[in-house]
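Trainee:
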Amino acid sequence: MTALAHIGHGVEKKLVTAIVPSGHGRLLLEIVENRAGVLSVTHHHARGTGSRRMRPGHTFWAEKDVLMVLVEAPQADEVFKLLFEAGGIGEPHQGIIFMEAIRRGHPMMPFAA
Numbered sequence: 000m001t002a003l004a005h006i007g008h009g010v011e012k013k014l015v016t017a018i019v020p021s022g023h024g025r026l027l028l029e030i031v032e033n034r035a036g037v038l039s040v041t042h043h044h045a046r047g048t049g050s051r052r053m054r055p056g057h058t059f060w061a062e063k064d065v066l067m068v069l070v071e072a073p074q075a076d077e078v079f080k081l082l083f084e085a086g087g088i089g090e091p092h093q094g095i096i097f098m099e100a101i102r103r104g105h106p107m108m109p110f111a112a
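Just so it is clear: in the sequence shown, position 55 is 54 by numbering that gives the first Met the number 0, and no numbers are missing.
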């Protein structure tokens, strides 16, 4: 086993993923990045085509932010609740959030300077 494979070995982890309106991801990242149990946070922008039923013959671009949080399992429910409430995800058109168990994974690490 390599040295990198030992990172996080034996720690049960979960991945919390939130897909929210464009511009909201950075705020949510700042809310959770220093929480206890959070191992890694990744944020990126996504774009795709929306439903053509909204306006036949017109392409509708849907832009979203995707936030992925790798967290130790004991704190996962707390982080999930925090993102759900801070992102207003229970309101219409404010996004979706889900959590899944991770069998193998490690936090991203910065390169040595």
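Glycine is no exception: its CB is placed at the ideal position from the N, C-alpha and C atoms.
According to DSSP, what are the bridge partners of residue 44?
Mentor: Counting from one through the sequence shown, the residue named residue 44 turns up at place 45. Bridge partners of residue 44: 64.
Trainee: Who are the Cβ neighbours of residue 72 in its own chain at under 7 angstroms, not counting the five residues just before and after it?
Mentor: Taking the first residue of the sequence shown as 1, we reach residue 72 at position 73. Taken in chain order, the residues that qualify are 11, 12, 13.
Trainee: Among 74, 27, 103, 45, whose alpha-carbon lies nearest the alpha-carbon of residue 62?
Mentor: Within the sequence shown, the letter at position 63 stands for residue 62. Taking only the C-alpha atoms, the option nearest residue 62 is 45.
Trainee: Measuring only the C-alpha atoms, how far is residue 15 from residue 77?
Mentor: Residue mapping note: residue 15 aligns to position 16 of the sequence shown, counting from 1. Residue mapping note: residue 77 aligns to position 78 of the sequence shown, counting from 1. Those two C-alpha atoms are separated by around 11 angstroms.
Trainee: Just the C-alpha distance for residue 24 and residue 64, rounded to the nearest angstrom, thanks.
Mentor: On the sequence shown, position 25 is the one that residue 24 refers to. On the sequence shown, position 65 is the one that residue 64 refers to. The alpha-carbon atoms of residue 24 and residue 64 are separated by roughly 5 angstroms.
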